[in-house]
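Trainee: Have a look at this one before I ask anything.
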Amino acid sequence: MEMEKIIAANLGTIVDVRTYEEFCGGSVAGSINIPLNEIPSKIEELKSLKAPLILCCASGGRSGQAHHYLSQLGIECYNGGSWLNVNYYKSNNN
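Number 80 in my numbering belongs to position 80 of the sequence shown; there are no gaps in the numbering.
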């Protein structure tokens, strides 16, 4: 299934990997914040979330790093890129 459809249908969990400060400045409704540098210590929490994980950040760089790392661990996830893009898919398809 296409990532955009997964987001629109609320089939997974949106994980914002920006810093807490960035997340507080604006985020996708219903998303959770796990900063990139905390991902390795939150693996069990991430595994317990509703899959697939849609990872986002400011531009797609950090979410790309998180996607690569989590994919290596067998966690179903997508690089959603910018949180603004993810927000667009979520808000325009609900």
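All C-beta atoms, glycine included, are put in the ideal place defined by N, C-alpha and C.
Remember, it's a predicted structure, so these values are computed and weren't measured experimentally.
What does residue 98 pair with, by DSSP beta-bridge criteria?
Mentor: This structure leaves residue 98 out entirely; the chain is present only between 1 and 94.
Trainee: If you count every other CB in all the chains shown that lies within 10 Å of the CB of residue 24, and 16 or more means buried, which is it?
Mentor: Residue 24 is exposed by the Cβ-count criterion.
Trainee: When DSSP labels each residue in this structure, what does residue 54 get in the three-state scheme?
Mentor: strand
Trainee: Out of 76, 48, 31 and 71, point me to the one whose CA is closest to residue 57's CA.
Mentor: 31
Trainee: Rounded to whole angstroms, what's the CA-CA distance from residue 70 to residue 80? Just pull it up for me.
Mentor: 14 Å
Trainee: Which partner residues of residue 77 appear in the DSSP bridge assignment?
Mentor: 53
Trainee: Give every residue of the same chain whose Cβ lies closer than 7 Å to the Cβ of residue 75, excluding the five residues on either side of it in the sequence, and list them in chain order.
Mentor: 46, 47 and 53
Trainee: Check whether the Cβ atoms of residue 33 and residue 27 sit closer than 9 Å, and answer yes or no.
Mentor: For residue 33 and residue 27, yes; Cβs fall inside 9 Å.
Trainee: Specify the secondary structure class of residue 82 as computed by DSSP and reduced to three states.
Mentor: Three-state result, residue 82: strand.
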